[in-house]
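**Student:** Residue numbers (the numbering used here): 59 to 415.
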């Protein structure tokens with residue numbers, strides 16, 4: 059059974075993740091610790107609802123498909139952790155061979171930087187998929203089964219801003235001007251109730267990072283009464299999106315399922331307030347759903363000057379929802395790229411002593 063295989067795979071991944079975190083492999087490569095911790099938390103949340111999913115998939119085709127998608131992501135995570143573990147063990151052997159280390163020091167040093175970038179991208183990609191899987195679990199109403207099988211409340215909404223705040227403050231290069239330009243746009247009072255500015259660009263250019271910089275800007279914090287960060291999955295649903303918004307505003311799990319009731323509660327939270335909403339990683343091309351969402355959002359508040367910052371690779375989605383010209387994200391300048399390389403090399407050098415043990 060596919061569901062049994064998924065459950066077994068998830069358990070293996072969780073054990074591997076815990077083992078990797080305990081061994082400090084993330085630190086040895088200079089920067090994986092937070093990513094692995096996020097992976098561990100996501101897997102643990104999914105594991106908590108597996109029993110409920112296995113029971114519901116017999117009669118619920120959507121849950122059955124969810125399990126199948128989870129199976130694919132689980133194997134992706136398993137492969138990434140295997141690769142990371144293998145490379146860590148290989149380097150421990152190599153660094154004990156002093157002659158070889160002296161001959162290939164610079165090549166190994168350079169390869170370490172390249173490996174770190176590649177693995178960081180893979181781990182974060184898996185994390186993104188797992189977070190989408192978790193959000194879908196919320197939408198399906200899957201419940202955690204802990205403490206001898208007792209049902210508890212559904213999983214909370216998953217947002218990225220909490221776990222990425224520290225990264226924003228330390229490692230961002232070359233996006234300061236972009237953030238400044240967008241912040242200045244947001245601070246100009248709009249005659250619209252809701253204005254939308256999309257950040258567009260290829261994957262890996264830093265759209266989410268730029269949105270985080272804007273979101274955490276002190277001027278933005280002072281200007282808006284409410285700030286909301288939502289990671290939007292491909293399986294977009296208007297009711298679920300409003301539910302995530304309400305959970306972000308109230309910092310509580312939302313038990314109600316009626317869309318009208320949820321929208322009414324969001325209206326109460328935002329009434330008379332100016333808000334800033336980030337919709338990160340938007341993919342869905344069902345434009346009728348976006349029209350439905352934005353029409354509902356405009357009807358929630360009559361206060362002018364609310365802004366939505368949307369990140370997407372899809373220019374068709376951006377053109378459909380934008381009220382303001384796109385902010386296309388370009389590649390970093392050569393000097394900024396070199397700055398990133400230098401910082402990465404410094405991290406590698408800083409943690410080289412861990413490879414000897």
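By construction, the Cβ of each residue, glycine as well, lies at the ideal position given by its N, Cα and C atoms. Since we're looking at a predicted model, the values are computed, not measured.
#1: Please tell me whether residue 266 and residue 350 are closer than 8 Å, where the distance is taken between their beta carbons.
#2: Between the Cα of residue 242 and those of 252, 264, 278, 257, spot the shortest distance and give me the residue it belongs to.
#3: Is there contact here, the segment 308-327 with the segment 259-275, by at least three beta-carbon pairs under 8 Å?
#4: Helix, strand or coil, according to DSSP, for residue 366 in the structure here?
#5: Just confirm the distance between the C-beta atoms of residue 372 and residue 332, as a whole number of angstroms; I'd bet it's less than 8 Å.
#6: Answer yes or no: do residue 358 and residue 328 have a C-beta to C-beta separation smaller than 8 Å?
#7: Whole angstroms are fine: how far does the CA of residue 248 sit from the CA of residue 239?
#8: What distance in whole Å lies between the Cβ atoms of residue 252 and residue 356, which are believed to be in contact at a cut-off of 8 Å?
#9: Measuring alpha carbon to alpha carbon, tell me which of 302, 138, 284, 137 ends up nearest residue 290.
#10: So, with DSSP's three-state summary, where would you put residue 198?
#11: Whole angstroms are fine: how far does the CA of residue 367 sit from the CA of residue 361?
#12: Let me check understanding here. Comparing Cα to Cα, which of 305, 140, 102 lies closest to residue 197?
#13: Between which residues of its own chain and residue 381 is the CB-CB distance below 7 Å, once the five residues before and five after are set aside?
#14: Restricting to Cα atoms, I'd like to know which of 288, 200, 99 is closest to residue 108.
#15: Less than 8 Å between the C-beta atoms of residue 300 and residue 336, yes or no?
#16: Less than 7 Å between C-beta atoms, sequence neighbours within five positions excluded: which residues of the same chain meet that for residue 269?
#17: CB residue 296 to CB residue 343, shorter than 8 Å?
#18: Identify whether residue 97 lies in helix, strand or coil by the three-state DSSP scheme.
#19: Only counting the same chain, and skipping five residues up and downstream in sequence, which positions put a Cβ closer than 8 Å to that of residue 347?
#20: Hey, how far is the Cα of residue 192 from the Cα of residue 280?
#21: For residue 447, which residues in the same chain have their Cβ closer than 7 Å to its Cβ, ignoring the five residues on either side in sequence?
#22: Is the beta carbon of residue 97 less than 8 Å from the beta carbon of residue 185?
#23: Who are the Cβ neighbours of residue 93 in its own chain at under 8 Å, not counting the five residues just before and after it?
#24: Which residues in the same chain have their Cβ closer than 7 Å to the Cβ of residue 330, if we skip the five residues on either side of it in sequence?
#25: DSSP puts residue 385 in a beta bridge; with which residues?
#26: Can you say whether residue 353 is buried or exposed, counting buried as having 16 or more other CB atoms within 10 angstroms of its CB?
#27: In angstroms with no decimal places, state the Cα-to-Cα distance between residue 317 and residue 298.
#28: As a quick exercise: from 111, 133, 134, pick the residue whose alpha carbon is nearest that of residue 123.
#29: Between the C-alpha atoms of residue 140 and residue 126, what's the straight-line distance to the nearest angstrom?
#30: Taking only three categories from DSSP, how would you classify residue 252?
#31: If you compare alpha carbons, which of 133, 272, 188 is closest to residue 235?
#32: Check for me: the alpha helix (DSSP H) holding residue 348 runs from which residue to which?
#33: Express the C-alpha separation of residue 95 and residue 114 in angstroms, rounding to a whole number.
#34: How many Å lie between residue 385 and residue 379 at the Cα?
#35: Please report how far the alpha carbon of residue 129 lies from the alpha carbon of residue 189, in whole angstroms.
**Tutor:** Quick answer:
#1: Note that the C-beta distance between residue 266 and residue 350 is not below 8 Å.
#2: Among 252, 264, 278, 257, the Cα nearest to that of residue 242 is on 278.
#3: By the C-beta criterion, the segment 308-327 is judged not to be in contact with the segment 259-275, since fewer than 3 inter-stretch pairs fall below 8 Å.
#4: Of the three classes helix, strand and coil, the one that applies to residue 366 here is strand, per DSSP.
#5: About 28 Å separates the Cβ atoms of residue 372 and residue 332, ruling out a contact at the 8 Å cut-off.
#6: The beta carbons of residue 358 and residue 328 sit closer together than 8 Å.
#7: Between the alpha carbons of residue 239 and residue 248 lies a distance of about 16 Å.
#8: Residue 356 to residue 252, Cβ: 5 Å. Contact.
#9: The residue with the shortest Cα to Cα distance from residue 290 is 302.
#10: Residue state, collapsed to three classes: helix.
#11: So the two alpha carbons sit approximately 17 Å from each other.
#12: The shortest C-alpha separation from residue 197 is found at 305.
#13: The beta carbon of residue 381 sits closer than 7 Å to those of 250, 253, 254, all from its chain and outside the five residues before and after it, given in chain order.
#14: Considering only alpha carbons, the answer is 200.
#15: If you check the CB distance, residue 300 and residue 336 do not come in under 8 Å.
#16: Within the same chain, and ignoring the five residues on either side of residue 269 in sequence, the residues whose Cβ sits closer than 7 Å to its Cβ are 257, 336, 338, 367, 369.
#17: Not closer than 8 Å, so no.
#18: Helix at residue 97.
#19: So the list reads 294, 295, 296, once near-sequence residues are dropped.
#20: Cα to Cα, the separation comes out at about 32 Å.
#21: One cannot answer for residue 447 here, as it falls past the ends of the chain, which runs 59 to 415.
#22: Yes. Within cutoff.
#23: If we look at residue 93 and ignore the five residues flanking it on each side, its Cβ neighbours are 84, 178, 181, 182, 185.
#24: Contacts found: 361.
#25: Beta-bridge pairing links residue 385 to 257.
#26: Label assigned to residue 353: exposed.
#27: One Cα belongs to residue 317, the other to residue 298, and the distance between them is close to 8 Å.
#28: Looking at the Cα atoms, 111 is the closest of the given residues.
#29: Rounded to the nearest angstrom, the two C-alpha atoms are 21 Å apart.
#30: Residue 252: strand per DSSP, three-state reduction.
#31: Measuring from the Cα of residue 235, the nearest candidate turns out to be 272.
#32: For residue 348, the uninterrupted alpha helix (DSSP H) segment begins and ends at 345-356.
#33: So the two alpha carbons sit approximately 29 Å from each other.
#34: A direct Cα-Cα distance of roughly 13 Å separates residue 385 from residue 379.
#35: The alpha-carbon atoms of residue 129 and residue 189 are separated by roughly 14 Å.
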